[in-house]
Amino acid sequence: MDPAWFPILKNTRICVPGYGIGIVQDTGSYPGTHYWIDLGYTDAEFAAAGQKTFLNLTVYLLGPFPEGTNLELP
Numbered sequence: 029m030d031p032a033w034f035p036i037l038k039n040t041r042i043c044v045p046g047y048g049i050g051i052v053q054d055t056g057s058y059p060g061t062h063y064w065i066d067l068g069y070t071d072a073e074f075a076a077a078g079q080k081t082f083l084n085l086t087v088y089l090l091g092p093f094p095e096g097t098n099l100e101l102p
């Protein structure tokens with residue numbers, strides 16, 4: 029995740045198709061593109077997922093959000 033987005037999205041619940049529900053916890057190994065997230069897997073889950081972990085897909089932010097939350101990303 030882009031480090032500029034992290035303060036806005038920290039602890040936000042997300043839905044990642046093919047992965048499930050997760051919570052934004054850190055910036056991961058950010059490669060320098062806005063369009064990147066790292067997902068947590070056990071070793072067995074990662075081995076089973078293989079290259080399916082490197083996809084372009086839509087990630088959904090799950091509300092409700094606290095009143096006054098500005099989700100406009102830099």
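Plus 28 on top of the position in the sequence shown (first one is 1) and you've got my numbering. Note that the Cβ used here is the ideal one computed from N, Cα and C, for glycine as well.
Asked                                                                          : Found
Proximity winner among L37, P31, Y47, relative to G91 (alpha-carbon distances) : L37
Bridge partners - V44, DSSP secondary structure assignment                     : G48
Spatial distance of I49 from G60 (CA atoms)                                    : 24 Å
Strand pairing of Y88, partner residues [DSSP]                                 : C43
DSSP three-state assignment for P35, whether helix, strand or coil             : helix
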